[in-house]
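Working notes, beginning with the structure itself.
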Amino acid sequence: MRDSIKVFAPATVANVVCGYDILGFAIEEPGDEIILKKNDSNQIIITKIEGDNGKLPKDPNKNVVSHVIRLFLEKINSNQGIDIELYKKMPLNSGMGSSAASSVAALVAINELMGKPYSKQELLPLAMEGERIACGNAHADNVAPALLGGLVLVRSYEPLDALKLPYPKDLSVVSVHPHVDVPTGEARKIIKERISLKSAVQQWGNVAGLVAGFCTGDLDLVSRSMEDVIIEPVRAMLIPYFYEMKQLALDNGAIGFGISGSGPSVFALCEKKETAEEISFKIKELLNQKNIESEAFVTKINGEGARVISE
Numbered sequence: 004m005r006d007s008i009k010v011f012a013p014a015t016v017a018n019v020v021c022g023y024d025i026l027g028f029a030i031e032e033p034g035d036e037i038i039l040k041k042n043d044s045n046q047i048i049i050t051k052i053e054g055d056n057g058k059l060p061k062d063p064n065k066n067v068v069s070h071v072i073r074l075f076l077e078k079i080n081s082n083q084g085i086d087i088e089l090y091k092k093m094p095l096n097s098g099m100g101s102s103a104a105s106s107v108a109a110l111v112a113i114n115e116l117m118g119k120p121y122s123k124q125e126l127l128p129l130a131m132e133g134e135r136i137a138c139g140n141a142h143a144d145n146v147a148p149a150l151l152g153g154l155v156l157v158r159s160y161e162p163l164d165a166l167k168l169p170y171p172k173d174l175s176v177v178s179v180h181p182h183v184d185v186p187t188g189e190a191r192k193i194i195k196e197r198i199s200l201k202s203a204v205q206q207w208g209n210v211a212g213l214v215a216g217f218c219t220g221d222l223d224l225v226s227r228s229m230e231d232v233i234i235e236p237v238r239a240m241l242i243p244y245f246y247e248m249k250q251l252a253l254d255n256g257a258i259g260f261g262i263s264g265s266g267p268s269v270f271a272l273c274e275k276k277e278t279a280e281e282i283s284f285k286i287k288e289l290l291n292q293k294n295i296e297s298e299a300f301v302t303k304i305n306g307e308g309a310r311v312i313s314e
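Residues in the sequence shown are numbered consecutively from 4, following our numbering.
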C-alpha cells in the first residue's frame with residue numbers, strides 16, 4: 004500500500020437554477036488539491052494550508068478535511084496517522100463548492116491510501132458530513148458531482164439516492180465569482196420555508212424539463228427550463244447587479260444563467276466556447292465598471308470528478 008498520494012477535486016455548480024439541493028454538475032476548473040501522507044503518530048495533523056489567506060483552521064477538530072478523514076478511519080476501524088497538505092485553488096465562500104471540493108479530495112485520497120475499500124458512491128455520505136461542518140446542512144448537490152463527476156441528480160436524501168445523468172458533452176460553462184461576501188449559511192437562512200402550490204408546480208415542471216432536456220440533448224428545452232421561481236428571487240438580492248449580468252448573458256447567446264450554489268458566483272451555460280468567452284469578458288467588464296473585482300472561468304462540464312494526480 005502506498006504511503007502518500009495527491010488528489011484533485013473540482014469546483015461545482017449546484018442547483019443548476021431550479022434544482023435546489025438536488026441538481027449539480029462539476030466543472031473542469033478551478034478545484035482543490037490535497038496531499039496525504041501516512042505518519043506513525045496515530046494523529047491526524049494538518050501540516051500546511053495554502054491559498055486560503057489564513058482563513059481556514061489548522062485545528063483538526065475544526066477543519067472539514069480532517070473531519071471527514073477521521074470519519075473514514077473510524078468507519079474502517081483504523082488509527083492510522085495522517086499528515087494533510089491542503090492547496091486551495093478556488094475562492095472560499097464563492098458558491099462554487101469550495102468546502103465540497105476539499106472534503107471530496109480528502110476522502111478520495113484517504114480511500115486510495117487505505118487500499119480503496121469503498122466506491123465513490125459509498126464515500127458520498129461521508130462527504131456530506133463535511134458539508135454539515137461547513138454550513139450546517141449535509142446537502143449533496145456540490146459533493147456528489149465533485150465526487151462522481153458530470154451532472155448529478157440527488158433523487159432522494161432518505162434514503163440517499165444520487166445518480167449521474169446524460170448531458171451534451173460539448174457545452175461550455177462560464178463561472179464568474181464577484182468579490183462580494185455571501186456566506187452559505189446566511190444564504191440558506193433567507194429562503195422561505197413555505198411556498199404556494201402554484202410556485203411548487205411551476206418549479207417541478209422546470210426541474211423535470213431541465214432533466215429531460217439534458218438527457219435528450221434538447222438545448223431549447225434546457226433553456227426554457229432554467230427558471231427558478233422560488234430560490235433565485237430571494238438570493239438575487241444578495242448579489243449586486245445579478246439581473247444586469249443575467250440579461251447581458253442571455254442577450255449574448257447563453258442557453259441559461261443563474262446563481263452558482265448559494266452565490267455570489269454566477270454561471271452561464273453556452274453552446275459554444277466562443278459564446279462563453281464573450282459572455283465572460285462582458286460580465287467581468289460590467290462588474291469592473293461597478294468597481295467590483297471578479298474572476299472568471301470558461302470551462303466544460305467535468306465528467307470524471309475527483310481524481311488521483313500522483314502518488
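Backbone N, C-alpha and C define an ideal beta-carbon position, used for all residues, glycine too.
Backbone CA spacing between CYS273 and LEU222 [nearest angstrom]: The residue given as residue 273 occupies position 270 in the sequence shown. The residue given as residue 222 occupies position 219 in the sequence shown. Each residue's Cα considered, the two are about 10 Å apart.
ILE304 to PHE245 span [Cα, whole Å]: Here residue 304 refers to the residue found at position 301 of the sequence shown. Here residue 245 refers to the residue found at position 242 of the sequence shown. Spanning the two alpha carbons is a distance of roughly 23 Å.
Own chain partners of GLY256 with C-beta closer than 6 Å, once the 5 adjacent residues on each side are dropped: Counted from its first residue, the sequence shown places residue 256 at position 253. Closer than 6 Å at the Cβ level, and outside the excluded window around GLY256, lie THR278.
C-beta contact flag for VAL179 and LYS287 at 8 Å: The residue you call residue 179 lines up with position 176 of the sequence shown. The residue you call residue 287 lines up with position 284 of the sequence shown. In this structure, LYS287 lies closer than 8 Å to VAL179 by Cβ.
Assigned exposure category for GLU134 - 16 Cβ within 10 Å defines buried: Looking up residue 134 in the sequence shown gives position 131. It counts as buried.
Residue from ASN64, LEU126, PRO148, ARG238 with nearest C-alpha to ILE194: Residue numbering aside, residue 194 sits at position 191 when the sequence shown is read from its first letter. Among ASN64, LEU126, PRO148, ARG238, the Cα nearest to that of ILE194 is on ARG238.
Where the beta strand (DSSP E) through LEU116 begins and ends: Here residue 116 corresponds to residue number 113 of the sequence shown, with the count starting at 1. No beta strand (DSSP E) contains LEU116, which is instead part of the alpha helix (DSSP H) from 101-116.
Range of the contiguous beta strand (DSSP E) that encloses LYS65: Residue mapping note: residue 65 aligns to position 62 of the sequence shown, counting from 1. LYS65 -> no beta strand (DSSP E), and no H or E assigned at all.
Length-filtered (3 minimum) beta strand (DSSP E) runs lying within the segment 104-185: 154-160, 163-168, 175-181
Cβ-based burial, ASP173 [other Cβ within 10 Å; buried from 16]: Residue mapping note: residue 173 aligns to position 170 of the sequence shown, counting from 1. ASP173 should be labelled exposed.
Three or more C-beta pairs below 8 Å linking the segment 11-24 and the segment 259-276: Cβ pair count under 8 Å is three or more, so yes.
Within 8 Å, strictly: CB atoms of GLU36 and LYS92: Working through the sequence shown from its first residue, we reach residue 36 at position 33. Working through the sequence shown from its first residue, we reach residue 92 at position 89. Cβ distance < 8 Å, so GLU36 and LYS92 count as in contact.
Exposure label - ASN294; buried when at least 16 CB within 10 Å: Within the sequence shown, numbered from 1, the residue matching residue 294 stands at position 291. In summary, ASN294 is exposed, with fewer than 16 beta-carbon neighbours lying within 10 Å of its beta-carbon over all protein chains present.
C-beta atoms of GLY122 and VAL67 nearer than 8 Å: On the sequence shown, residue 122 is found 119 positions in, with the first residue counted as 1. On the sequence shown, residue 67 is found 64 positions in, with the first residue counted as 1. Per the sequence presented here, residue 122 reads as Ser, with Gly not at that position. No, they are not a contact pair.
Element boundaries [beta strand (DSSP E), containing ASN42]: On the sequence shown, residue 42 is found 39 positions in, with the first residue counted as 1. Note, ASN42: beta strand (DSSP E), 26-42.
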